[in-house]
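Below you'll find the structure, written out as structure tokens, and then a few comments.
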């Protein structure tokens, strides 16, 4: 396996052939399909998380997200379509369940949806069955299936009622049906006549209301399955027709005007106050509910052309495929047929009802067609791509952003960036163009007559470039634009070129199976390797620029050096399409025709050993490793560009000796600079004018506000006076009410005291009466208890008498039974003696028969063993013949590889030898079967001998001996367990020590990072000082121009002095740099020593830990084996003792009739 892998970091693109291909996970995160992944993008943090779908890259067909935003379901097509449910709360998007359609043959699910309670999931299949399947997805159980459409009336959309988890709506061409799940099946509840209408989408507005969009620009609103209202989006106001009844005859396509036929309602989503729908290309209309329970258009949101690049095809013509709204209805995101994602803030659209609101890109504008070219440069962290969508785009892979793009009239096939990052080569269908990368534009400098240029590349020095036209490689000068030399030699199209390190060498590969190494000064071939059976698709040079890594149509990865193929890595049925080699010499990355990325360790292995990740949904067209060895960039025919981090197994990035410094300079034309300066001056003038106007307006407002404040203060003072007067009146009234309250409370207290006294007197009289009643009841209770005690005594005497009578009767019966028992015991003793005599006779007879049978079976066993030895000798001779024949075959194969011209002659011999081998194998297998049968018979005979040899009394004796033996062994086992426990304690201590060492290493790494940050700060200060010096030089140069004008010279010098000379600005640059370097060197040496010592300690502890662990494991295994053997012996001995006891009891014959004793037991007469 490769020690270095590529971990997905960021991806640009969108899959357009997926239903419902964008959804919100939360307020700031959306999920969409890209490549072979479902990507969750957080717009606030500008980060992505990847959820790999499956290895079947073309299979993703539909997505849906649950109502609680936790689960994501993805349908995958194939020979047997499936639906996979992912848990979005898990970091890697863990798979929860995989749903299958059961017995129904399904190729793909065109649309899926979760129920509002997240328990059920529905999926609509395509033809020829057109079946709707309902699952209880947590248990992977199919609840019901129903046929919804046909080939003439295909179904395109399906959804659950968000207010009822048992109701489903299905729509398509001439189809709009409502189903309800009841009594274990889906039953249709509505039958609207809509055969002539093509429904593209629908959405639930209320529990009974559904709005559906058609391909003729109309919105039809159904309630309980019946058409109630119609809205025609072609009308300016978008008002609904409510005044007259809607008939189905008006819904025919012939009655629709031409303007409405251009509009297509392709997406719908409900809102809390209405709904949003696509209203033709590049437009989304917002509708709100009116008071009369209708709907009116509130606002249109448009897609406008991007200002970043020049677009030939307007962005307004894009058709909207999917539309979703965030949970709080703050943001809307849409996806288009060109693979673009747009967003708009609905809160801003609510605020600006009269103004126009436009969509903006959610992340960056993507490619909409297969990407054909890819290149990077040395001095800037940028990547250039070109595509069949006629655009060239410049990406910043560090900031994950699009810097610049431009669309052209022709399709672009190849692209190459100059090492400085200021120029770009683009190969179009008609010519090759050298262009400048300006701040906001890509402008052509020179055109070259190279048609259909599929490959182009700048040299490492940037003074030359190579371009491929068919099977000819042309080399041009960048400075003079002259054709230096043409390299001719390929018989097929050239598919890959790469410059050597000194630009004197150029390596190329082509469809003719040739790999050539050219001298760019003489135009001659220095080396070549031709394999006509392989058409090469891509190649790359190794880290030492001595070997060539190439891939082709023979599904192998080849390493070529000095005109010879050194190694070949065999592949599976998937072909390699692209290759990239790390400059560290540790890993080779390849891209396959299925979209997978493989990491193969370098030097190349001889077997199929790689780490594979299914990144794209189509063939990988180009791939490269950035020059800082940090990222792997891959592009594909699915229009996606994936940026992956290159890390090792421990998650660390690769380290390179090559130091790369990125610059920030850009090219600007003089005319553009003058225009911008002019606009800046105009804006400054306008700003000054606006400041003057604002100051004047502020003064006027101050005067008006002061007058208003005076008026308000006067009014407030009058109100205060009136309130004070009313307060005094209220105080006087409150005092009067307090006096009245005091008088009333005194009267109420007197009344209350009188009532209390009366109640005390009445309750005291009642207590006396109740006390007298209690005393009478107590006397009656005492009398009743005396009578009850007398009755109890009489009953006890009667019980004693009855008990004595019963005891006498039972004693007499017991005496009789004891006499009978004594008689039966005597009879049993006599019978036992008779049985013992019979057992002795039977045992003697059995011993004789056993001895005779043992002698017979031993003779048979001896004969069988001799026959078995003879057969084994024959098999050994045959195996030796087989091995000798196998060696001859290997020799033949080696001769075949060495002499390919004699292959046809040797094939006949190989086939004849293989036939002989198959015959010998059949003979050997037959002999082995006969040996096995004879071994089985021998084992059965051995078992019978053992069963007959051993009797019951021998087994009991053996069991006692084994029990005596196991006692000391168990004590030894206990002692060994105690030793194991001690060793485990030692292991725990070692683990704690390792953890402490890990903490110390982490602390040292933190210190290293802080020191690196401090160093970067100091370097930044140095850069700032250098910029100050450059500014000072430029200003001194300006001052030198005023050498003839003393006043201006004096003012300029004073201005420079006041700007740059300060008492604290006395820094010695050279000494400062030396101190920084000395401090950094000391810290680096100290940390290196500590890290080295820690590594040594870790290695020692690891060795000790491994030794003790292996010792413990060996002792433990031996003890467990001994215990298991003893247990097996005990079990076998016990089972044999039981079987022999049963056999002996069965073999005792009866020699007379049976008689019954007085107790009823049978007795034998011997």
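Numbering (my numbering), first residue to last: 142 to 1307.
A virtual CB, placed ideally from N, CA and C, is assigned to each residue, including glycine.
Quantities reported herein were computed from a predicted structural model and do not represent experimental measurements.
The count of Cβ pairs closer than 8 Å, one atom from the segment 159-172 and one from the segment 742-761, stays below three, leaving the stretches out of contact. In this structure residue 522 is buried. Its beta-carbon is surrounded by 16 or more other beta-carbon atoms within 10 angstroms.
The C-beta distance from residue 327 to residue 285 rounds to 5 Å, short enough to fall under 8 Å. Along the segment 661-727, the beta strand (DSSP E) occurs as fully enclosed runs of 3 or more residues at 666-671, 677-682, 689-693, 698-702, 705-710 and 717-722, listed in sequence order.
Three or more Cβ pairs closer than 8 Å define a contact, and the segment 531-544 falls short of that threshold against the segment 476-484.
Within the segment 440-528, the beta strand (DSSP E) runs of at least 3 residues that lie entirely inside it are, in chain order, 461-466, 472-477, 482-486, 498-502, 512-517 and 523-528.
The beta carbon of residue 295 sits closer than 6 Å to the beta carbons of 313 and 314 from its chain, once the five residues preceding and following it are set aside; these are given in chain order.
As computed with DSSP, residue 367 is found in a beta bridge with 364. When beta bridges are read from the DSSP output, residue 245 appears opposite no residue. Excluding the 5 residues flanking it on each side, residue 1189 has same chain C-beta neighbours closer than 8 Å at 1183, in chain order. Beta-bridge annotation (DSSP): residue 608 is paired with 597 and 615. If you look at residue 997, you'll find it isn't in any beta strand (DSSP E); it sits in the alpha helix (DSSP H) that goes 811-1039.
Leaving aside the five residues that flank residue 412 on each side, the residues in its chain whose CB is nearer than 7 Å to its CB run, in chain order, 466 and 470. Counting along the chain, the unbroken beta strand (DSSP E) around residue 789 starts and ends at 782-789. Membership of residue 545 in the beta strand (DSSP E) is indicated by the continuous run 542-548.
Taking all protein chains in view, the Cβ of residue 1170 is surrounded by fewer than 16 other Cβ atoms within 10 Å, so the residue is classified as exposed. Rounded to the nearest whole angstrom, the C-alpha separation of residue 862 and residue 872 is 16 Å.
Contact annotation: residue 236 and residue 247 have beta-carbon atoms that are not nearer than 9 Å. Rounded to whole angstroms, residue 598 and residue 575 show a C-alpha spacing of 11 Å. Under a 10 Å Cβ-count criterion, residue 1219 is classified as exposed, with fewer than 16 other Cβ atoms of the shown protein chains found around its own Cβ. Contact between the segment 606-623 and the segment 845-854 is not established, with fewer than three Cβ pairs separated by less than 8 Å.
Check the Cα spacing between residue 569 and each of 603, 579, 601 and 610: the tightest is with 610.
Assignment of residue 332 by DSSP, reduced to helix, strand and coil, places it in the coil class.
Beta-bridge analysis with DSSP links residue 653 to no other residue. Residue nearest to residue 462 within the set 434, 468, 430 and 425 is 425 (criterion: CA-CA distance). For residue 518, same chain residues with a beta-carbon under 6 Å away, outside a window of 5 residues either side, are 558, 560 and 562 in chain order. In this structure, the beta-carbon distance from residue 350 to residue 332 does not fall below 9 Å. Residue 581 has its alpha-carbon roughly 12 Å from the corresponding atom of residue 543. Membership of residue 1194 in the alpha helix (DSSP H) is indicated by the continuous run 1187-1201. The beta-carbon distance between residue 408 and residue 464, rounded to whole angstroms, is 4 Å. This is short enough to meet the 8 Å contact definition. Distances from the alpha-carbon of residue 1265 to those of 1009, 417 and 1114 put 1114 closest.
The residue from 540, 254, 242 and 228 with its alpha-carbon nearest to that of residue 219 is 242. It is roughly 49 Å from the alpha-carbon of residue 964 to the alpha-carbon of residue 1267.
Under DSSP, the beta-bridge partners assigned to residue 536 are 524 and 543. Sequence-distant partners of residue 1250 (beyond 5 residues in either direction) whose C-beta falls short of 8 Å from its own C-beta, in its chain, are 1128.
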